[in-house]
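If you're matching them up, the sequences are chains G and D in order.
Using our numbering, read the first sequence as starting at 1 and increasing by one per residue.
Using our numbering, read the second sequence as starting at 292 and increasing by one per residue.
Yeah, the Cβ is synthetic: ideal placement off N, Cα and C, and Gly gets one too.
On a predicted model such as this, the values are computed, not experimentally measured, just so you know.
Single-structure report; data block below.
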Amino acid sequence: MGYDRAMPANRLAPLVSREPLGGAFFLLTFAHPETAREARPGQFVMIKAGTSAEPPLRRPFSILSADPASSTFSLFVKAIGPGSRALCALEGGEVAQCLGPLGRPFTSPPPGSEALLVAGGYGVAPFRFMADEMRRSGARARLFYGGRTAADLPLLPRLSGPGLTVLPATEDGSLGARGRVTVPLEAHLDGLAGPRPKLYACGPDAMMHAVARIAERRSLPAELSLDPWMGCGVGTCLGCVVRVQSAEEPRPKYCCACTEGPVFDAARVVWPGDDCSSARRHAAERAGARG
Amino acid sequence: MRLAVELAGIRFKNPLIAASGTFGYGVEHEGLVELSRLGGIVAKGLYLQPRDGAPVPRIVETPAGLLNAIGLQGIGIDAFLREMLPRLRRHDTALLVNVCGDTVDEYAEVARRCDGQAGIAGLEVNISCPNVKQGGMAFGGDPKMTHQVVAAVRAATRLPVIPKLSPNVGDIAVFARAAEEAGADALSCINTLLGLAIDVESRRPRLGFGTGGLSGPAIRPIAVRMAWQAARAVKIPVIGVGGIASAGDVLEFLIAGCRAVQIGTASFVDPGIFEKVLKELTEWLEAHGLDDVNAVVGTLEYPGFGRPCPEER
Chain G
1 MGYDRAMPAN RLAPLVSREP LGGAFFLLTF AHPETAREAR PGQFVMIKAG
51 TSAEPPLRRP FSILSADPAS STFSLFVKAI GPGSRALCAL EGGEVAQCLG
101 PLGRPFTSPP PGSEALLVAG GYGVAPFRFM ADEMRRSGAR ARLFYGGRTA
151 ADLPLLPRLS GPGLTVLPAT EDGSLGARGR VTVPLEAHLD GLAGPRPKLY
201 ACGPDAMMHA VARIAERRSL PAELSLDPWM GCGVGTCLGC VVRVQSAEEP
251 RPKYCCACTE GPVFDAARVV WPGDDCSSAR RHAAERAGAR G
Chain D
292 MRLAVELAGI RFKNPLIAAS GTFGYGVEHE GLVELSRLGG IVAKGLYLQP
342 RDGAPVPRIV ETPAGLLNAI GLQGIGIDAF LREMLPRLRR HDTALLVNVC
392 GDTVDEYAEV ARRCDGQAGI AGLEVNISCP NVKQGGMAFG GDPKMTHQVV
442 AAVRAATRLP VIPKLSPNVG DIAVFARAAE EAGADALSCI NTLLGLAIDV
492 ESRRPRLGFG TGGLSGPAIR PIAVRMAWQA ARAVKIPVIG VGGIASAGDV
542 LEFLIAGCRA VQIGTASFVD PGIFEKVLKE LTEWLEAHGL DDVNAVVGTL
592 EYPGFGRPCP EER
């Protein structure tokens, strides 16, 4: 697995604070010592409002921040379905059922380069955590933060800080650059000199696929935090599988996003409708050129 | 307090067993769940060869339930015996292997390879998976085929043989009797119910496979009814499974005539469910002045119907 993960803890997590951020967005802070202590950027928790029988399943949420000193972690949640709505309706002191930290975190960016973070909507959550960690290590990051409209970017005021440059983009032009988040990303890459940056992305599937294509076209490494429907979070239900293929593997295989992701190397992902991953395709092309 | 139950010659330290397909190969939960606290574990279904499983999406949440079409993704029996079984042997719990096949011969061969393997207490025979094109429910939906598969597995192993019956049939008693006549030692009742969820915008099935199997609390009354019907129809013991999430749910199945139960979907929601239910169950028995969980089995008072499994008492 390459990363020695701490064992997740399954326990009730009291809500410590609940901060409305406008619209359907909330910043929720829970007490959960193991997640507070062990979580790494890109990891997630499986969580469900403890008071509700419905909906049945816990939901995966990327961790926004973790604070070992107060034994708490925070989530950035958009109340859009029954699970997220129940979570956002919790009052202080009420509990959630919480299992975490889970999953494979983002790997560190190569030293000397600026990490390029690409977020769509509530996919920004892991990048606040990542930016905090990078700041501590003295690394620099640039965050491309996109949404349909200004109201989709409520975390914007909380993201600035030394070492992090934030470039908002909205499809309606109400905030930052007009258009999809990949427009300013490509403009930045076009003007870039110096060491090759690494891309990190979290957002809707279409955005992830677009970032993967940009990375492939420009031969840049990219890590994607994918978000399929998840049942258990620990690799037993096999519901959250993603089709992946390394350069060496003759055929794609299904990997659990919960235990082998949610962060995947973009070159290994086999997109719907494709026969193979870009890593495999390039390996085959190189072999063909040699042969 | 006696919580241990015995059935099909297997001793389970308590009546709570992890259901096949919901607990992986057991090892996934090492460190998260104390496996030796479980009555037993039924490992995920295994064929001779590894299987990719069904296309995504594979799970859909429904009211009080989960609709799934995983398609029996798995590592194959040989990899299981080589890589998983040695790890599972370290845990003091009864391990059952869930045997699958596209053909009768494949079921028998998987069973044969489990025979004589230290650490395997018995075989559950999967004749009821709704999410594969061959085998699975095709065998469990025809009493003659049920008989044929169970007889072939029976002949291939000395291990206890426990067919898992499908609820997607008219009269489960017919299938219970067919399995018993073919030499089954016990029955698991029930597998998931065949369902379909539709995305109204795309007008397509919400699952990649199309139809799926429904599990969770939504199916519990159906499972209790079918486990009760099966228990009345045969002399061999029945393991109840379907939507269990509390001690009250466990007791329903026991009272209906089951000697043990399996917990599945509820452990996706909370991997700590076994400890929680075991504690509740112990408390219930104490509160009712009982010192043996077996005293509850088959105690259903249902005017017009005899006790669910009278031959056993």
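Short of 7 Å in beta carbon distance, which residues of its chain neighbour residue i, apart from the five on each side in sequence? Order them along the chain.
i, result
"residue 348/D", "497, 498 and 499"
"residue 339/D", "367, 368, 397, 400 and 401"
"residue 26/G", "18, 19, 20, 77, 79 and 88"
"residue 528/D", "298, 299, 477 and 550"
"residue 313/D", "555, 556, 558 and 559"
"residue 487/D", "496 and 502"
"residue 270/G", "243, 244, 245, 252, 276 and 277"
"residue 521/D", "456, 463, 464, 467, 478, 480 and 529"
"residue 318/D", "375, 378 and 379"
"residue 194/G", "none"
Can you name, in chain order, every residue of its own chain whose Cβ lies under 6 Å from the Cβ of residue i, other than the five neighbours on each side?
i, result
"residue 524/D", "464, 467 and 468"
"residue 427/D", "420"
"residue 604/D", "Unreliable positioning characterises residue 604/D in this predicted model, as indicated by a pLDDT of 42, which lies under 50. A coordinate reading is not provided."
"residue 358/D", "351, 486, 488, 503 and 505"
"residue 149/G", "170, 172 and 174"
"residue 56/G", "none"
When burial is assigned at 16 or more other CB atoms within 10 Å of the CB, is residue i buried or exposed?
i, result
"residue 535/D", "buried"
"residue 245/G", "buried"
"residue 105/G", "buried"
"residue 70/G", "exposed"
"residue 553/D", "buried"
"residue 198/G", "buried"
"residue 415/D", "buried"
"residue 2/G", "Residue placement at residue 2/G is poorly supported in this model, since its pLDDT is 41, which falls under 50; the coordinates still yield a value, given next. Residue 2/G should be labelled exposed."
"residue 62/G", "buried"
"residue 601/D", "Summary for residue 601/D: the model assigns pLDDT 48, below 50, so the residue's position carries little reliability; its value from the coordinates is reported in the next sentence. Label assigned to residue 601/D: exposed."
"residue 448/D", "buried"
"residue 579/D", "exposed"
"residue 335/D", "buried"
"residue 66/G", "buried"
"residue 311/D", "buried"
"residue 457/D", "buried"
"residue 354/D", "exposed"
"residue 561/D", "buried"
"residue 285/G", "exposed"
"residue 526/D", "exposed"
"residue 342/D", "buried"
"residue 13/G", "buried"
"residue 316/D", "buried"
"residue 7/G", "exposed"
"residue 490/D", "exposed"
Who are the Cβ neighbours of residue i in its own chain at under 8 Å, not counting the five residues just before and after it?
i, result
"residue 376/G", "The question about residue 376/G has no answer, for chain G in this structure spans 1 to 291."
"residue 268/G", "244, 245, 246, 277 and 279"
"residue 207/G", "118, 120, 123, 146, 180, 181, 182 and 201"
"residue 325/D", "566"
Could you check how far apart the C-beta atoms of residue i and residue j are, in whole angstroms? I think they sit under 8 Å.
i, j, result
"residue 361/D", "residue 261/G", "The Cβ separation is near 17 Å, so there is no contact."
"residue 565/D", "residue 294/D", "Their Cβ separation, rounded to whole angstroms, is 12 Å, which puts residue 565/D and residue 294/D out of contact at 8 Å."
"residue 168/G", "residue 22/G", "Not confirmed; about 15 Å, so no contact."
"residue 68/G", "residue 37/G", "5 Å"
"residue 548/D", "residue 589/D", "4 Å"
"residue 537/D", "residue 574/D", "With 8 Å as the limit, residue 537/D and residue 574/D do not qualify as a contact, their Cβ atoms being about 12 Å apart."
"residue 450/D", "residue 405/D", "6 Å"
"residue 441/D", "residue 473/D", "4 Å"
"residue 241/G", "residue 259/G", "Not confirmed; about 10 Å, so no contact."
"residue 533/D", "residue 546/D", "Not quite, the Cβ-Cβ distance comes to about 15 Å (not below 8 Å), so this is no contact."
"residue 83/G", "residue 48/G", "6 Å"
"residue 196/G", "residue 113/G", "7 Å"
State yes or no: is the C-beta of residue i nearer than 6 Å to some heavy atom of the ligand GTP?
i, result
"residue 481/D", "The ligand GTP is not part of this structure, which contains no ligands at all."
Problem - Every unbroken beta strand (DSSP E) inside the segment 300-340 of chain D [3 residues or more] - result: Qualifying beta strand (DSSP E) stretches, in chain order: 301-303, 307-309 and 331-333.
Exercise for the section: Answer yes if the segment 129-144 of chain G comes into contact with the segment 159-171 of chain G, meaning at least three C-beta pairs across the two stretches below 8 Å, and no otherwise. Expected result: Output reads yes: the segment 129-144 of chain G touches the segment 159-171 of chain G.
Problem - Minimum length 4: unbroken alpha helix (DSSP H) runs contained in the segment 1-76 of chain G - result: With a minimum length of 4 residues, the continuous alpha helix (DSSP H) runs that stay inside the segment 1-76 of chain G are 33-38.
Practice task
Would you be able to state if there are at least three C-beta pairs under 8 Å between the segment 169-189 of chain G and the segment 81-97 of chain G?
Solution key: Here the segment 81-97 of chain G makes no contact with the segment 169-189 of chain G; the two share fewer than three CB pairs at distances below 8 Å.
Practice task
Could I get the ranges of all uninterrupted alpha helix (DSSP H) runs contained in the segment 453-488 of chain D, with 4 residues as the minimum, in chain order?
Solution key: Scanning the segment 453-488 of chain D from its first residue to its last, the whole alpha helix (DSSP H) runs of 4-plus residues come out as 463-472.
Exercise for the section: Within the segment 541-569 of chain D, note down every full alpha helix (DSSP H) run reaching 4 residues or more, in order along the chain. Expected result: Runs of the alpha helix (DSSP H) spanning 4 or more residues and lying entirely within the segment 541-569 of chain D occur at 556-560, in chain order.
Exercise for the section: Determine, using beta-carbon pairs with one atom in the segment 139-158 of chain G and one in the segment 218-229 of chain G, whether at least three such pairs fall under 8 Å. Expected result: When Cβ pairs closer than 8 Å are counted between the two stretches, the segment 139-158 of chain G is seen not to touch the segment 218-229 of chain G, the count staying below three.
Practice task
Would you mind listing the alpha helix (DSSP H) stretches within the segment 203-244 of chain G that are 4+ residues and don't spill past its ends, in chain order?
Solution key: Counting only runs of 4 or more, we get 205-217.
Handout entry: Every unbroken beta strand (DSSP E) within the segment 481-538 of chain D, with a cutoff of 3 residues, ordered by chain
Key = The DSSP assignment places complete beta strand (DSSP E) segments of no fewer than 3 residues inside the segment 481-538 of chain D at 484-486, 503-506 and 529-532, in order along the chain.
Exercise for the section: Report the residue ranges of all beta strand (DSSP E) runs contained in full by the segment 382-458 of chain D; include only those spanning at least 3 residues, in chain order. Expected result: Entirely contained in the segment 382-458 of chain D, the beta strand (DSSP E) runs reaching 3 residues are, in chain order, 385-390, 413-417 and 452-456.
Problem - Entirely enclosed alpha helix (DSSP H) segments - the segment 150-211 of chain G, minimum 4 residues - result: Counting only runs of 4 or more, we get 182-190.
Exercise for the section: List in chain order: all unbroken beta strand (DSSP E) runs of 3+ residues lying wholly within the segment 86-151 of chain G. Expected result: For the segment 86-151 of chain G, whole beta strand (DSSP E) runs of length 3 or above, ordered along the chain, are 95-102, 115-120 and 141-147.
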